[in-house]
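Engineer: Before anything else, here's the structure in question.
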Amino acid sequence: MKPNKLNIDIEMNVEDWWVECFKNSECDRQLQKKLRWTTLGYHHNWDTKVYTEQNKSLFPLDLAELSDILAKYLGYSNFKAEAAIVNYYHMNSTLSAHTDHSEVNLEAPLFSFSFGQSAIFLIGGQDKSLEPSAILIKSGDIVVMSKKARLCYHAVPKILPSAESPWEETEISNVSSNSISSFKYISQPEEFVGTMNENIDNEKWNRFRNYIQESRINMNVRQVLNENQNSI
Numbered sequence: 001m002k003p004n005k006l007n008i009d010i011e012m013n014v015e016d017w018w019v020e021c022f023k024n025s026e027c028d029r030q031l032q033k034k035l036r037w038t039t040l041g042y043h044h045n046w047d048t049k050v051y052t053e054q055n056k057s058l059f060p061l062d063l064a065e066l067s068d069i070l071a072k073y074l075g076y077s078n079f080k081a082e083a084a085i086v087n088y089y090h091m092n093s094t095l096s097a098h099t100d101h102s103e104v105n106l107e108a109p110l111f112s113f114s115f116g117q118s119a120i121f122l123i124g125g126q127d128k129s130l131e132p133s134a135i136l137i138k139s140g141d142i143v144v145m146s147k148k149a150r151l152c153y154h155a156v157p158k159i160l161p162s163a164e165s166p167w168e169e170t171e172i173s174n175v176s177s178n179s180i181s182s183f184k185y186i187s188q189p190e191e192f193v194g195t196m197n198e199n200i201d202n203e204k205w206n207r208f209r210n211y212i213q214e215s216r217i218n219m220n221v222r223q224v225l226n227e228n229q230n231s232i
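Its first residue numbered 1, the sequence shown is counted upward by one per residue in full-length UniProt numbering.
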């Protein structure tokens with residue numbers, strides 16, 4: 001089983017969506033816009049809203065480590081990343097009001113990482129009687145839904161052009177040797193920064209840059225099981 005499931009799997013067998021988008025050296029914009037979501041780890045069932053052991057892949061190590069760093073910093077030392085939904089938004093995309101309630105463990109927080117264009121994020125109460133509050137989510141922002149907020153209704157009614165472009169060359173080049181010591185969780189920070197600076201003019205990176213200039217990527221990570229629980 002491949003490590004993820006895509007909404008386009010039902011209509012085409014694509015092993016690597018990004019490679020397929022540039023298979024003939026030309027950007028297949030139609031295929032790019034068809035991808036709306038990816039599921040990782042315990043795969044979300046959009047019909048039943050129920051996780052099963054039979055519908056599960058190995059959770060990506062890099063995203064698990066990122067989530068673990070955030071969880072420990074916020075005091076959730078027992079958090080374990082076990083499922084994620086990656087949503088891909090274009091400038092006309094929306095996400096209707098919903099709650100995330102499929103997990104067995106609803107006490108663990110939900111971490112939401114955003115990259116690319118900005119979004120209006122609405123969050124209300126645990127029923128629809130409470131008028132929602134609006135939050136502007138920018139690239140690099142992290143939303144943590146925990147405690148009472150964990151089961152609140154939320155939505156994304158609007159994607160907005162980002163006022164800043166932190167993925168651009170000028171931003172990456174501003175990482176100086178004096179600030180490298182702040183990369184606490186990277187084993188070889190000098191090599192990491194060097195590679196980033198080498199790749200800013202790389203054609204492959206330009207493809208990512210072009211995509212993110214008109215898209216928003218949101219990764220929301222959840223713990224599915226209770227502590228000391230090994231399976232559903």
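Positions of the beta carbon are idealized from the N, C-alpha and C atoms, including for glycine. As the structure is a prediction and not an experimental result, all values here were calculated from the model.
Evaluate residue 171 with the Cβ neighbour count: other Cβ atoms within 10 Å of its Cβ, from every protein chain shown; 16 or more gives buried, anything less gives exposed.
Structural biologist: If you number the sequence shown from 1, residue 171 lands on position 171. Bear in mind that a pLDDT of 48 at residue 171, under 50, signals an unreliable position, so the number given afterwards is only what the model happens to contain. By the neighbour-count rule (16 or more Cβ atoms within 10 Å), residue 171 is not buried but exposed.
Engineer: Buried or exposed: where does residue 103 fall if 16 or more other Cβ atoms within 10 Å of its Cβ makes it buried?
Structural biologist: Counting from one through the sequence shown, the residue named residue 103 turns up at place 103. By the 10 Å Cβ count, residue 103 comes out buried.
Engineer: On the premise that residue 132 lies in contact with residue 124, defined as a C-beta separation below 8 Å, what is that separation, rounded to the nearest angstrom?
Structural biologist: Within the sequence shown, residue 124 is the residue found at index 124, counting from 1. Within the sequence shown, residue 132 is the residue found at index 132, counting from 1. That pair is a contact at about 4 Å.
Engineer: Just to confirm my understanding: we take residue 224, look at its own chain, exclude 5 residues before and 5 after, and list those with CB closer than 7 Å. What are they?
Structural biologist: Residue numbering aside, residue 224 sits at position 224 when the sequence shown is read from its first letter. Counting only Cβ-Cβ distances below 7 Å, and skipping sequence neighbours, we find 42, 51, 82, 83, 103, 104 and 105.
Engineer: Sort out for me which residues DSSP pairs residue 121 with in a bridge.
Structural biologist: For the purposes of this step, residue 121 is taken as residue 121 along the sequence shown, with counting starting at 1. The partner list for residue 121 (beta bridge, DSSP) reads 135.
Engineer: Of the choices 60, 120, 130 and 109, whose alpha-carbon is the least far from that of residue 136?
Structural biologist: Position 136 of the sequence shown, counting from 1, holds the residue named residue 136. Here the closest residue by C-alpha is 120.
Engineer: Would the beta-carbon of residue 232 fall within 8 Å of that of residue 53?
Structural biologist: For the purposes of this step, residue 232 is taken as residue 232 along the sequence shown, with counting starting at 1. For the purposes of this step, residue 53 is taken as residue 53 along the sequence shown, with counting starting at 1. In contact: residue 232 and residue 53 (Cβ atoms closer than 8 Å).
Engineer: Enumerate in chain order the residues of its own chain whose CB-to-CB distance from residue 233 is below 6 Å, with the five nearest sequence positions on each side excluded.
Structural biologist: The structure shown has nothing for residue 233, since the chain only spans 1 to 232.
Engineer: Quick check: what's the CA-CA separation for residue 122 versus residue 97?
Structural biologist: Your numbering for residue 122 matches position 122 in the sequence shown. Your numbering for residue 97 matches position 97 in the sequence shown. So the two alpha carbons sit approximately 8 Å from each other.
Engineer: How is residue 89 classed by DSSP in three states: helix, strand or coil?
Structural biologist: In the sequence shown, residue 89 corresponds to position 89, counting from 1. Residue 89 falls in the strand class under three-state DSSP.
Engineer: Taking the straight line between their C-alpha atoms, what separation do you get for residue 22 and residue 65?
Structural biologist: Counting from 1 along the sequence shown, the entry for residue 22 is found at position 22. Counting from 1 along the sequence shown, the entry for residue 65 is found at position 65. Cα-Cα distance, rounded: 30 Å.
Engineer: Using the Cα positions of residue 18 and residue 204, report the straight-line distance between them to the nearest angstrom.
Structural biologist: In the sequence shown, the residue the question calls residue 18 occupies position 18. In the sequence shown, the residue the question calls residue 204 occupies position 204. For residue 18 and residue 204, the distance between alpha carbons rounds to 11 Å.
Engineer: Indicate whether residue 57 and residue 3 have their beta-carbon atoms separated by less than 8 Å.
Structural biologist: The residue labelled residue 57 in the question sits at position 57 within the sequence shown. The residue labelled residue 3 in the question sits at position 3 within the sequence shown. Yes.
Engineer: Roughly how many angstroms lie between the CA atoms of residue 112 and residue 208, to the nearest whole one?
Structural biologist: Here residue 112 refers to the residue found at position 112 of the sequence shown. Here residue 208 refers to the residue found at position 208 of the sequence shown. If you take the alpha carbons of residue 112 and residue 208, they lie about 21 Å apart.
Engineer: Taking residue 159 and residue 117 to be in contact with their CB atoms under 8 Å, please state how far apart those CB atoms are, rounded to whole angstroms.
Structural biologist: Within the sequence shown, the letter at position 159 stands for residue 159. Within the sequence shown, the letter at position 117 stands for residue 117. Confirmed, Cβ separation roughly 6 Å.
Engineer: Under the rule that 16 or more other beta-carbon atoms within 10 Å means buried, what is residue 91, buried or exposed?
Structural biologist: Looking up residue 91 in the sequence shown gives position 91. Burial call: exposed.
Engineer: Enumerate, from N- to C-terminal direction, the unbroken alpha helix (DSSP H) stretches of 4 or more residues contained entirely within the region 7 to 58.
Structural biologist: List check, alpha helix (DSSP H) in window: 17 to 21 and 29 to 34.
Engineer: Does residue 67 come out as helix, strand or coil in the three-state DSSP assignment?
Structural biologist: Along the sequence shown, one-based indexing puts residue 67 at 67. Residue 67 falls in the helix class under three-state DSSP.
Engineer: Between the beta-carbon of residue 99 and the beta-carbon of residue 157, is there less than 8 Å?
Structural biologist: Numbered from 1 along the sequence shown, position 99 holds the residue referred to as residue 99. Numbered from 1 along the sequence shown, position 157 holds the residue referred to as residue 157. No, they are not a contact pair.
Engineer: Is residue 206 helix, strand or coil when you go by DSSP?
Structural biologist: In the sequence shown, the residue the question calls residue 206 occupies position 206. DSSP places residue 206 in helix when its eight states are reduced to three.
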